[in-house]
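Student: Each residue of the first sequence is one higher than the last, beginning at 488 in the working numbering. Glycine included, each C-beta is placed from N, C-alpha and C at the ideal position. Mind having a look at this structure? Questions to follow.
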Amino acid sequence: MIAFSVVQHDPQCAARSAVLATPHGTIDTPAFMPVGTLGTVKGIAPDELQGLGFGLMLSNAYHLYLRPGHQLIQEQGGLHQFTGWKGSIVTDSGGFQLVSLANLREITDDGISFRSHLDGSAHHLTPELCMEIQMALGSDIMMALDECQPHPCSKEQAQASVVRTTKWANRCVLVSRGRQHALFGIVQGALDADLRRQSARDLVEIGFDGYAIGGLSLGEEKRALLAMIEVSVAELPPSHPRYLMGVGLPEDLVEGVMRGMDMFDCVIPSRHGRTGWLFTTQGRVLIKHAQHAKDESPIDAQCGCPVCQKYSRAYLRHLYLSNEMLGVRLNTIHNLWYYRELMATMRSAIQAGAFLAFRQRFYEQRRDCAKSALHAELVGVGDPTVAGGSKKGKDG
RNA sequence: GGGGCCGUCGUUCAGCCAGGUUAGGACGCCAGAUUGUCAAUCUGGAAGUCGCGGGUUCAAAUCCCGUCGGCCCCG
């Protein structure tokens, strides 16, 4: 099981630092979890991930169930043994994937019938099977099966998904109670504040080891995302970890932490790294741009990552344009380092009781945030009515 | 001296033989997208006096003549 103890609250906002202990280690929060859907963060070996300072990885029950199969992994000694990853593992339930990518699915109160995206074979995922899979994987923190609605969705859809998510959450608790695996519930309710509150209350009443906020960053306006975090957090017990699923960009993490979130996962540092979008304190660097062709400087002169110690932008651009796998690796390493550093900086700021000052500085350094409404609001420039939200959402 | 091949966006090639809408592709360039990763890419945009000059034709990158440049073969 897990233990969670809050170390410090920021005096001016809901940000907090804490320590999360699992059977596979202790993690300082707020923490970011790289996404290793298939049991690997693409391009990075487990010991490298650990060397980068990460103690948590997110894997996925849906994907591992389809391939290679959770029984196989169980026979191999569980996901830790199978992959060589010594840190903690959170496993996603697959609810998100079944909404975002499985065709021919049918959702009933019993579960989700779907066809594999790999071979078209028919499957039926119930809350019970979902728990069975995650327990077989040897997950440290399991996620309850939830029904995630796409964005946008009607109030009726959102309401139905909340009701179903609660029912499934109950069943997940029933089959996993007494086991060695922690279990988090997932708050749904789309962009409806009342539904979000209801969902959070339902889950708290059932009682989980932690609470996640799901169904966000699906293309909604950024302001709506933040509002949903706020209404949900207000219903969650301060004593338990709060996990914002699938989010996000560095600025999303900052806003999430400010609103009391403890854990995050997102594909962005790894996926964006693969496609040449590199993070720095000053903003993004698109390594493919010709302006870097002869640039001998590192991605970020202030970055302490192993990539910035050794490699120039010119070389990284060459690797990217040549489609070399080393480019993928180096870019991913840099981005993950940036995320780890960002989280560490936020934790320090909280412990110093100065999170808001950190946030101010964060935005001031970010040259590429100038167009975002969030930035405009915070720094007091530009037009705060300009939408800062991203577009659509899918993938899974 | 004789003959042949090739010159088309930054690069590299289609198109020419059987002339006909805004001359295409690839790479490169520029911009955008990506948030609980099936996968990785995807979407736009800019860019060409078709080596040059004549001719034929309603119409020429395309056919004809000349010319310049590059390459090759035979003497």
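Which residue marks the beginning of the alpha helix (DSSP H) containing Trp824, and which one marks its end?
Tutor: That run of the alpha helix (DSSP H) goes Met812 to Gln838.
Student: My parser needs the beta strand (DSSP E) runs of 3 or more residues fully inside the segment 543-593; what are they?
Tutor: For the segment 543-593, whole beta strand (DSSP E) runs of length 3 or above, ordered along the chain, are 543-547 and 575-579.
Student: Would Leu605 be called buried (16 or more neighbouring beta carbons within 10 Å of its own) or exposed?
Tutor: Flag for Leu605 reads exposed.
Student: Do three or more CB pairs link the segment 809-821 to the segment 781-798 at distances below 8 Å?
Tutor: Verdict: yes, contact present.
Student: On the criterion of 16 or more Cβ atoms from any shown chain inside 10 Å, does Arg666 qualify as buried, or is it exposed?
Tutor: Exposed, since its Cβ has fewer than 16 Cβ neighbours within 10 Å.
Student: Select from Ile489, Ala490 and Ala502 the residue whose C-alpha is nearest the C-alpha of Ala839.
Tutor: For the residues Ile489, Ala490 and Ala502, the minimum Cα distance to Ala839 belongs to Ala502.
Student: With DSSP as the reference, label Met750 as helix, strand or coil.
Tutor: Looking at Met750 - three-state DSSP - the assignment turns out to be strand.
Student: What do you get for Leu585, buried or exposed, if any count of 16 or more other CB atoms within 10 angstroms of its CB means buried?
Tutor: So Leu585 ends up on the buried side.
Student: My parser needs the beta strand (DSSP E) runs of 3 or more residues fully inside the segment 757-787; what are they?
Tutor: Runs of the beta strand (DSSP E) inside the segment 757-787: 764-767 and 770-773.
Student: By how many angstroms is the C-alpha of Phe569 removed from the C-alpha of Ala874?
Tutor: Annotation note: pLDDT 32 at Ala874 (below 50); position unreliable, coordinate value reported separately. In a straight line, the C-alpha of Ala874 is about 45 Å away from that of Phe569.
Student: In angstroms, rounded to a whole number, what distance separates the CA positions of Ser757 and Arg827?
Tutor: The alpha-carbon atoms of Ser757 and Arg827 are separated by roughly 13 Å.
Student: Please tell me whether Leu452 and Met745 are closer than 9 Å, where the distance is taken between their beta carbons.
Tutor: One cannot answer for residue 452 here, as it falls past the ends of the chain, which runs 488 to 883.
Student: Is it the case that the Cβ atoms of Pro737 and Phe766 are separated by a distance below 9 Å?
Tutor: Result yes, Cβ atoms of Pro737 and Phe766 sit closer than 9 Å.
Student: Just the Cα atoms here: how many angstroms apart are Gly676 and Phe751?
Tutor: The alpha-carbon atoms of Gly676 and Phe751 are separated by roughly 19 Å.
Student: Alpha carbon to alpha carbon, how far is Ser648 from Arg688? Give it in angstroms, no decimals.
Tutor: Each residue's Cα considered, the two are about 15 Å apart.
Student: For Val718, which residues from the same chain have a beta carbon less than 7 Å from its beta carbon, with the 5 sequence-adjacent residues on both sides left out?
Tutor: Cβ neighbours of Val718 beyond the five flanking positions: Ala680, Arg683 and Arg684.
Student: On the premise that Ile489 lies in contact with Thr509, defined as a C-beta separation below 8 Å, what is that separation, rounded to the nearest angstrom?
Tutor: Indeed, because the Cβ distance is near 5 Å, the residues count as touching under 8 Å.
Student: Whose C-beta lies closer than 7 Å to the C-beta of Leu670 among residues of the same chain, with five residues either side of it excluded?
Tutor: Around Leu670: Met629, Ala631, Cys659, Val660, Ser663, Phe695 and Asp696.
Student: Going by beta carbon distance, what residues of the same chain come within less than 7 Å of Asp497, once the five residues before and after it are set aside?
Tutor: So the qualifying residues of the chain are Arg503, Ile837, Gly840 and Phe842.
Student: Tell me the DSSP secondary structure of Thr524 in three-state form.
Tutor: DSSP places Thr524 in coil when its eight states are reduced to three.
Student: Is it true that the segment 534-541 meets the segment 558-568, where meeting means three or more beta-carbon pairs spaced less than 8 Å apart?
Tutor: Short answer: they don't touch.
Student: Kindly indicate which three-state DSSP category Met488 falls into: helix, strand or coil?
Tutor: Looking at Met488 - three-state DSSP - the assignment turns out to be coil, as it is neither helix nor strand.
Student: Do Val691 and Pro725 count as a contact pair if the criterion is CB distance below 9 Å?
Tutor: Cβ atoms of Pro725 and Val691: not closer than 9 Å.
Student: Can you grab the Cα-Cα spacing for the pair Glu722 / His805, in whole Å?
Tutor: Approximately 50 Å between the Cα atoms of the pair.
Student: Just to confirm the assignment, what range does the alpha helix (DSSP H) spanning Asp515 have?
Tutor: Asp515 -> not in any alpha helix (DSSP H); beta strand (DSSP E) instead, spanning Gly512 to Thr516.
Student: How many angstroms separate the CA atom of Ala788 from the CA atom of Ile514?
Tutor: If you take the alpha carbons of Ala788 and Ile514, they lie about 28 Å apart.
Student: In its own chain, which residues sit with a C-beta less than 6 Å from the C-beta of Leu553, not counting the 5 before and 5 after it?
Tutor: The residues are Ser603 and Leu605.
Student: From which residue to which residue does the beta strand (DSSP E) around Met630 run?
Tutor: First-last of the beta strand (DSSP E) with Met630: Ile628 to Met630.
Student: Rank Asn657, Gly574 and Leu624 by C-alpha distance to the C-alpha of Asp596 and give the top, closest one.
Tutor: If we check each option's Cα against that of Asp596, Asn657 comes out closest.
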